[in-house]
Amino acid sequence: MKIHLSMGLLLIPLLFLSCSEETNKDKKDEVIMTKQSSEKQIEIKTMIEVAYYGKPELIQRYLDHNQTINQLDTRSNSTPLYFAIQANQIATIQPFIEHGANIEHQNILGQTPLHAAVAQGKGQIVDILLKNNANIEAEDNNGLTPLIYAIENAKDSIVQKLVEKGAKLNTSNKFKVTPLHLAIQHKNIKILDFLLTQKLDLNYQTVDGYSPLHYAVIANSFKAVERLVKKGVNLDLKDKDGSTALNIAAMKNYIKIVKFLVLSGADKAIADNKGISPVSFAQKSWSQGLKKVLLDEKK
Numbered sequence: 001m002k003i004h005l006s007m008g009l010l011l012i013p014l015l016f017l018s019c020s021e022e023t024n025k026d027k028k029d030e031v032i033m034t035k036q037s038s039e040k041q042i043e044i045k046t047m048i049e050v051a052y053y054g055k056p057e058l059i060q061r062y063l064d065h066n067q068t069i070n071q072l073d074t075r076s077n078s079t080p081l082y083f084a085i086q087a088n089q090i091a092t093i094q095p096f097i098e099h100g101a102n103i104e105h106q107n108i109l110g111q112t113p114l115h116a117a118v119a120q121g122k123g124q125i126v127d128i129l130l131k132n133n134a135n136i137e138a139e140d141n142n143g144l145t146p147l148i149y150a151i152e153n154a155k156d157s158i159v160q161k162l163v164e165k166g167a168k169l170n171t172s173n174k175f176k177v178t179p180l181h182l183a184i185q186h187k188n189i190k191i192l193d194f195l196l197t198q199k200l201d202l203n204y205q206t207v208d209g210y211s212p213l214h215y216a217v218i219a220n221s222f223k224a225v226e227r228l229v230k231k232g233v234n235l236d237l238k239d240k241d242g243s244t245a246l247n248i249a250a251m252k253n254y255i256k257i258v259k260f261l262v263l264s265g266a267d268k269a270i271a272d273n274k275g276i277s278p279v280s281f282a283q284k285s286w287s288q289g290l291k292k293v294l295l296d297e298k299k
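In UniProt numbering, the protein residues as written are 1 to 299.
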C-alpha cells in the first residue's frame with residue numbers, strides 16, 4: 001500500500017549573511033550604522049539588511065543611491081520582503097510594498113512572500129499581504145498553494161483567514177491530494193472540523209484512488225473516520241488496488257475503526273483486486289477481535 005504523503009515545505013533559510021559578494025559589488029552606497037537593543041552597532045549596507053533589521057526609514061535613501069527595492073539574494077533568489085518576513089519586521093512590510101516591492105516574486109522554490117509568511121505562522125504579515133491583494137492561489141514549484149502550507153504547518157487561524165478570503169478548497173496538487181486529505185493526514189482535527197463546515201467534495205479521490213475516508217483509516221484516526229461518516233461519505237469507494245476503507249482497516253487490524261465502519265453500513269464482502277474481502281481476510285487472520293467483528297464469532 002502506497003500513499004503519497006505531503007511534500008515537506010523546504011523554506012529557504014533567509015539569512016542575510018547568505019548574500020554573496022556579488023550583491024554588494026560595485027556599490028558605492030553609504031553605510032548606515034544602527035544600534036540594536038544590545039547597543040551593538042550593526043552596519044547596514046544593502047536593501048536586504050534594511051528589511052531584515054526593520055529600518056523602513058532608510059528605504060528611500062538606499063533607493064536614491066541606486067539600490068533596488070527588489071534586490072535579489074543570489075542563493076535563494078529572495079527579495080528583501082522575504083527577509084523582513086523571516087525577521088517578523090511587521091512595520092517594515094507595508095513601506096516596502098508601497099515602494100514597489102513585488103509581492104508575487106517567487107524564490108528558488110517558487111514560494112511567494114505569502115507562502116513564506118503562512119509557513120512561518122506570521123498572521124499579521126499574512127493580513128498585510130492579503131490586504132495588498134497577494135495571489136491567494138499562487139503555486140510553488142511543487143504546485144502547493146498557501147492554503148496547503150497553512151494546513152501542513154498546522155496554522156489553524158491562517159487556514160481560516162485564507163478560506164474566508166476565497167482560497168479554493170477543492171484544489172489539489174499533482175497527486176490530486178486536497179486540503180481535506182492533508183488535514184486528515186496530519187490528524188489536525190481542528191482544521192478538519194473547520195473544513196467540514198465548507199462546501200467540499202468529501203469523496204474526492206487521489207491519483208491512487210484514496211478518498212478522505214481512506215486517508216482517515218490509513219492515519220488510524222478514529223475521530224476523522226467518525227466525522228466523515230457522519231457527513232455521509234461513500235463508505236465503499238475503492239482505491240486503485242480495489243480496497244475500500246474497510247478492507248484497509250481490517251488488514252491493519254484497526255478493530256475500533258472496523259467495528260464502526262461495519263455498524264455504519266460498510267460492505268464487508270467487497271473484495272480487492274486480489275480477491276480478498278474483509279470477511280475472507282478475517283477468516284485467515286490471527287486476530288480474534290477482527291473475527292468477532294467481521295465473522296460474528298463470540299470468542
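Built from N, CA and C at the ideal position, the CB exists for glycine as well.
### Task
Give the secondary structure of residue 93 by DSSP, where H, G and I count as helix, E and B as strand, and everything else as coil.
helix
### Beta-carbon contacts of residue 70 that lie in its chain and below 7 Å, excluding the five residues immediately before and after
79, 101, 102, 105
### Query
How long is the line joining the alpha carbons of residue 136 and residue 90, rounded to whole angstroms?
19 Å
### Query
According to the neighbour-count rule (16 or more other Cβ atoms, all chains shown, within 10 Å of its Cβ), is residue 214 buried or exposed?
buried
### Query
In terms of residue numbering, what span does the alpha helix (DSSP H) encompassing residue 160 cover?
156–164
### Query
From residue 218 to residue 250, what does the alpha carbon distance come to, in whole angstroms?
11 Å
### Message
I need the boundaries of the alpha helix (DSSP H) containing residue 144, first residue and last residue.
### Response
That residue, residue 144, is in no alpha helix (DSSP H); it is neither H nor E in DSSP.
### Query
Once you ignore the five residues that flank residue 315 on each side, which residues in its own chain have a CB closer than 7 Å to its CB?
Outside the displayed span of the chain (1 to 299) sits residue 315, for which this structure offers no information.
### Query
Leaving out five residues before and five after residue 287 in sequence, what residues of the same chain have Cβ atoms less than 8 Å from its Cβ?
253, 255
### Task
Round the Cβ separation of residue 225 and residue 260 to the nearest angstrom and send it over; I've been treating them as touching at under 8 Å.
6 Å
### Task
Give a yes or no on whether the C-beta atoms belonging to residue 144 and residue 179 are separated by under 7 Å.
no
### Nearest neighbour of residue 114, chosen from 85, 268, 195 [CA to CA]
85
#### Entry: Straight-line gap, residue 111 to residue 153 (C-alpha atoms, nearest Å)
15 Å
### Query
Using a threshold of 6 Å, is the CB atom of residue 177 nearer than that to any non-hydrogen atom of the ligand FAD?
What this structure holds is no ligand at all, so the ligand FAD is not there to describe.
### Query
Hey, residue 118 and residue 158: beta-carbon distance below 7 Å or not?
yes
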